[in-house]
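So for the sequence shown, the UniProt record's numbering puts the first residue at 1; every next one is plus one.
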Amino acid sequence: MRDHALLVTLMARIKTLFPLTLCTALLLFPAQSSHAVLPDDPFVFVKSGNLIALEAYIKSHQIDLDDVGPDGFTLLITAIRHGNKQIFDYLIQQGVDINKKASRDRTALMAAIAVDEQIMFQKLLRLGADVNAFLPIILGNRESIDGYYTIHITADYEFGHKYFEDLIKQGADIKQKRNFSIHDTPLSIAIICGNTENILKIFELSKTYKVDICDAVSLAAAKSSRNEEISHIVESKCLNGAYGGNP
């Protein structure tokens with residue numbers, strides 16, 4: 001009875017708990033630059049994929065390869081955002097810090113997920129990228145992505161299902177609570193964002209790793225979803241046994 005009352009209360013508040021603007025992780029790594037640049041700029045060379053010019057610039061200038069540029073990104077993150085694998089490899093060989101945080105504490109691993117760069121993602125994992133980095137509290141409201149861990153950002157993107165298992169194998173928590181809120185988990189975020197494949201993958205992994213991911217908030221989100229398929233998937237798996245339907 002008590003659980004039912006909680007569920008009803010959460011359903012009544014679901015639009016407040018999960019505003020439609022929640023699925024905004026893509027704003028972390030916008031596609032276009034917003035600042036004026038100079039021709040003789042290492043960030044310009046990285047964006048254009050001009051490895052020869054970048055090498056020459058680094059040899060003739062004393063620069064910190066981990067510095068954050070005008071866009072708020074490091075050279076490594078810039079290479080990832082623009083899909084420049086050659087420059088990515090070159091920067092790794094030069095000893096850049098793969099866990100160096102850009103503005104708003106964005107990491108190279110987050111960037112690789114955001115732009116769906118699986119090869120770079122795998123290389124970063126092999127080199128020891130921090131899978132449990134999280135964003136700081138800046139705006140302090142639920143419409144922001146304050147306190148998102150890497151796994152929450154992954155749940156936000158429709159192709160996130162390709163990355164969950166590798167993150168978990170490296171120590172990420174499939175039911176990680178958002179640092180800013182006790183409510184948000186990878187499952188609840190995937191539900192609100194309407195990412196069916198992510199939801200199915202999370203349930204699959206919950207069964208594999210024997211983790212009970214169902215909670216009142218996720219059920220309330222599913223009941224309030226406009227997507228009937230998602231509502232059915234979540235309710236049937238959560239109500240049919242532990243670990244998302246594992247008998």
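We put the CB at the ideal spot given by N, CA and C, even for glycine.
Could you tell me which residues DSSP puts in a beta bridge with residue i?
{"i": "F134", "result": "Y149"}
{"i": "V68", "result": "T74"}
What does a CB cutoff of less than 8 Å around residue i pick up in its chain, not counting 5 residues either side in sequence?
{"i": "R106", "result": "L28, F29, G72, F73, I77 and L135"}
{"i": "I119", "result": "K85"}
{"i": "Y209", "result": "I168 and I174"}
By Cβ distance below 7 Å, which residues in the same chain neighbour residue i in space, the five residues on each side in sequence not counted?
{"i": "A36", "result": "Confidence is the limiting factor: at A36 the pLDDT is only 49, short of 50, which leaves the residue's position unreliable, though a coordinate-based value still follows. Nothing meets the Cβ criterion."}
{"i": "D156", "result": "C23, A25, I189 and C193"}
{"i": "A79", "result": "V46, I87, F88 and L91"}
{"i": "E229", "result": "T196"}
{"i": "F159", "result": "D116"}
Three-state secondary structure (DSSP) at residue i?
{"i": "T107", "result": "coil"}
{"i": "S224", "result": "helix"}
{"i": "N50", "result": "coil"}
{"i": "C23", "result": "coil"}
{"i": "A112", "result": "helix"}
{"i": "Y157", "result": "coil"}
{"i": "H232", "result": "helix"}
{"i": "L167", "result": "helix"}
{"i": "T196", "result": "helix"}
{"i": "I89", "result": "The question names Ile, but residue 89 is Asp in the sequence shown. If DSSP states are grouped into helix, strand and coil, D89 belongs with the helices."}
{"i": "R178", "result": "coil"}
{"i": "V44", "result": "helix"}
{"i": "E204", "result": "helix"}
Considering only residues of the same chain and omitting the five flanking positions on each side of residue i, which have a CB-CB separation below 6 Å?
{"i": "E197", "result": "H161"}
{"i": "Y57", "result": "P42"}
{"i": "K100", "result": "D66 and T74"}
If I'm right that residue i touches residue j with Cβ under 8 Å, what's the distance once you round it to whole angstroms?
{"i": "I213", "j": "I202", "result": "6 Å"}
{"i": "I137", "j": "D146", "result": "5 Å"}
{"i": "A172", "j": "N132", "result": "6 Å"}
{"i": "I151", "j": "L139", "result": "That pair is no contact at about 21 Å."}
{"i": "V234", "j": "S224", "result": "Contact flag wrong, Cβ pair sits at about 11 Å."}
{"i": "I182", "j": "V211", "result": "Their Cβ separation, rounded to whole angstroms, is 17 Å, which puts I182 and V211 out of contact at 8 Å."}
Taking only beta-carbon positions, decide if residue i is within less than 7 Å of chain C.
{"i": "H82", "result": "Looking at the structure shown, chain C is missing, and only one protein chain is on hand."}
Q: Would you check if there are 3 or more beta carbon pairs closer than 8 Å linking the segment 77-91 to the segment 126-133?
A: no
Q. Can we say the segment 94-106 touches the segment 59-67, given the rule of at least three CB pairs closer than 8 Å?
A. yes
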